[in-house]
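Under the UniProt record's numbering, the residue at position 106 of the sequence shown is numbered 106, and the numbers go up by one with no gaps.
Where is the CB? At the ideal position from N, CA and C, for every residue including glycine.
Quick caveat: nothing in here was measured; it's all calculated off a predicted structure.
All remarks here apply to the structure that follows.
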Amino acid sequence: MLMKMNPLVSVLHLYDVVNAPGVTADVSHMDTGAVVRGFLGQPQLENALTGMDLVIIPAGVPRKPGMTRDDLFKINAGIVKTLCEGIAKSCPNALVNLISNPVNSTVPIAAEVFKKAGTYDPKRLLGVTMLDVVRANTFVAEVLGLDPREVDVPVVGGHAGVTILPLLSQVKPACSFTPEEVEYLTKRIQDGGTEVVQAKAGAGSATLSMAYAAVKFADACLRGLRGDAGIVECAFVSSQVTELPFFASKVRLGRAGAEEVYQLGLLNEYERVGLEKAKKELAESIEKGASFIKK
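Shown next, in the form of structure tokens:
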């Protein structure tokens, strides 16, 4: 629905293995410019993807209480593999926004699928970590008593637990936090997903804030594809910022995708310790994803 509202979208294709016709009919009645078409099931995947400039993949099962991201991996890895094989065949030059969790493993899965197909362009594969940034902006604004729209918190590393590292020393506007505030904010940002799962008492995970974050990031990608200058957002991408093959940091978005990956800048001691913790867990998740395809 939010993508149908975006004036940069001219054609919107909806694909799923269930319910696609109903959702398509519903969304198509909105009086906005995007033409909506629905596609149902594997036989229609090729038609759904052909000619697309941007592909957003939120597919997979959501987290349920007591479910680890590891449990998610087993189910979602196969789904991401199938969809990326379709992309490699039908729209190899599309920009891919990968939301399916665990992002720390599904992005390496996608990369390996594209490598196998001979279509891999690291600039065009983006793991969506925008929800961490959205949460960070909101929670920091609460502590500072500011409007969250005026706050910018870089969130680096990955997209699960301790791999989510908010750089609170680099918040804009410039500000300072007590050690207790840093601890509280870091933990709350890292556990944001769990907070929602628990609040919904088993009836779902973060879907509404995730949809908002996904569309905010997709809009940035579309503006980049249009050629707008100065579009910078955080994303989990192929990276040389650390020794790991993938890492989330600020990237400049343009016609080629992630055209520039920015360094982390100056970190304080708390962030340096957090970075080492993040890298350890991230390395395992990346390897797990890559070996799923290589095995």
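On a CA-only basis, which of the options is nearest residue i? Give me that one, please.
i: residue 60; options: 99, 95, 67; result: 99
i: residue 151; options: 140, 14, 158; result: 140
i: residue 33; options: 230, 3, 158, 253; result: 3
i: residue 55; options: 169, 92, 62, 44; result: 92
i: residue 234; options: 191, 180, 251, 181; result: 251
i: residue 229; options: 253, 242, 246; result: 253
i: residue 285; options: 133, 142, 71; result: 71
i: residue 44; options: 67, 217, 65, 18; result: 18
i: residue 260; options: 277, 182, 240; result: 240
Per DSSP, what are the beta-bridge partners of residue i in this structure?
i: residue 166; result: 155
i: residue 258; result: 253
i: residue 235; result: 249
i: residue 296; result: The structure shown does not extend to residue 296, since the chain is modelled only from 1 to 295, so the question has no answer here.
i: residue 39; result: 15
i: residue 55; result: 96
Please list, in chain order, all residues of the same chain as residue i whose beta carbon is under 7 Å from its beta carbon, the five residues on each side excluded.
i: residue 21; result: 38, 40
i: residue 166; result: 136, 153, 155, 185, 186, 189
i: residue 68; result: none
Quick one: grab the DSSP three-state call for residue i.
i: residue 16; result: strand
i: residue 176; result: coil
i: residue 97; result: strand
i: residue 242; result: coil
i: residue 263; result: coil
i: residue 67; result: coil
Using a Cβ-Cβ cut-off of 6 Å (strictly less than) and excluding sequence neighbours within five positions of residue i, which residues of its own chain qualify?
i: residue 119; result: 88, 92
What does a CB cutoff of less than 8 Å around residue i pick up in its chain, not counting 5 residues either side in sequence?
i: residue 232; result: 250, 251, 252, 253, 262
i: residue 97; result: 54, 55, 56, 57, 126, 128, 214, 217, 218, 221
Residue i CB to nearest chain D CB: under 8 Å?
i: residue 43; result: In the displayed structure, chain D is absent; only one protein chain is listed.
**Prompt:** Do the stretch 266 to 280 and the stretch 80 to 92 meet, that is, are 3 or more Cβ pairs less than 8 Å apart?
**Reply:** Contact check between the stretch 266 to 280 and the stretch 80 to 92: fewer than three CB pairs, one atom from each, fall below 8 Å, which does not count as touching.
**Message:** So, does the stretch 190 to 204 touch the stretch 107 to 121, judging by three or more C-beta pairs under 8 Å?
**Reply:** Counting C-beta pairs with one atom in each stretch, the stretch 190 to 204 and the stretch 107 to 121 have fewer than three that are closer than 8 Å, which means they do not touch.
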